[in-house]
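Numbering (the numbering used here), first residue to last: 96 to 205. No residue lacks a Cβ here, since even glycine has one placed at the ideal position from N, Cα and C. The structure presented is a predicted model; accordingly, all values stated were derived computationally and were not measured.
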């Protein structure tokens, strides 16, 4: 689990608590705590407690983290574009359907 994976999980959580992010990443709270501590030190994440339930710890991305994620997303987009630039997807229906299935899988699981 890389730091970027943790940042993405926080960004993609509707209610980013330590528990929900750990569950999304399929790691223990202890493992996530170690990663979040590093991200807090690097000023990528802030932690705060729920006012009514002090047991709940929420995570919030800083502007620095949002910049990192933007660069990471752009890198992924460039990678995908370079992989598919020579393919004529509209001419290969089987490949297109396979790619759509892969895309749906990742959208539903991550």
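Original post:
Cβ of residue 131 within 9 Å of Cβ of residue 156?
Top reply: As a working note, residue 131 is residue 36 in the chain shown. As a working note, residue 156 is residue 61 in the chain shown. No, the Cβ-Cβ distance between residue 131 and residue 156 is not below 9 Å.
**OP:** To the nearest angstrom, report how far apart residue 181 and residue 158 are at their CA atoms.
**Re:** Here residue 181 refers to the residue found at position 86 of the chain shown. Here residue 158 refers to the residue found at position 63 of the chain shown. Each residue's alpha carbon lies about 36 Å from the other.
Original post:
Opposite residue 140 in the DSSP bridges: which residues?
Top reply: Residue mapping note: residue 140 aligns to position 45 of the chain shown, counting from 1. Listed as beta-bridge partners of residue 140 by DSSP are 156.
**OP:** Keeping to the same chain, check which residues put their C-beta closer than 7 Å to that of residue 123; ignore five residues upstream and five downstream.
**Re:** Numbered from 1 along the chain shown, position 28 holds the residue referred to as residue 123. Excluding five sequence positions before and after residue 123, the CB atoms of its chain that fall closer than 7 Å to its own CB belong to 117, given in chain order.
Original post:
How is residue 112 classed by DSSP in three states: helix, strand or coil?
Top reply: Numbered from its first residue, the chain shown carries residue 112 at position 17. For residue 112, the three-state secondary structure derived from DSSP is strand.
Subject >> Proximal residues to residue 103 (C-beta, below 7 Å), its chain only, five neighbours per side dropped >> reply: Taking the chain shown and counting its residues from 1, one reaches residue 103 at position 8. These residues qualify, in order along the chain: 164.
Original post:
Between residue 160 and residue 105, is the Cβ-Cβ spacing less than 9 Å?
Top reply: Here residue 160 corresponds to residue number 65 of the chain shown, with the count starting at 1. Here residue 105 corresponds to residue number 10 of the chain shown, with the count starting at 1. Less than 9 Å divides the Cβ of residue 160 from the Cβ of residue 105.
Subject >> Whole-angstrom distance between residue 114 and residue 169, CA atom to CA atom >> reply: Locating residue 169 in the chain shown gives position 74, counting from the first residue. Locating residue 114 in the chain shown gives position 19, counting from the first residue. Taking the straight line from one Cα to the other gives about 29 Å.
Original post:
Do you know offhand how far residue 195's Cα is from residue 178's?
Top reply: In the chain shown, the residue the question calls residue 195 occupies position 100. In the chain shown, the residue the question calls residue 178 occupies position 83. Rounded to whole angstroms, residue 195 to residue 178 spans 16 Å at the Cα level.
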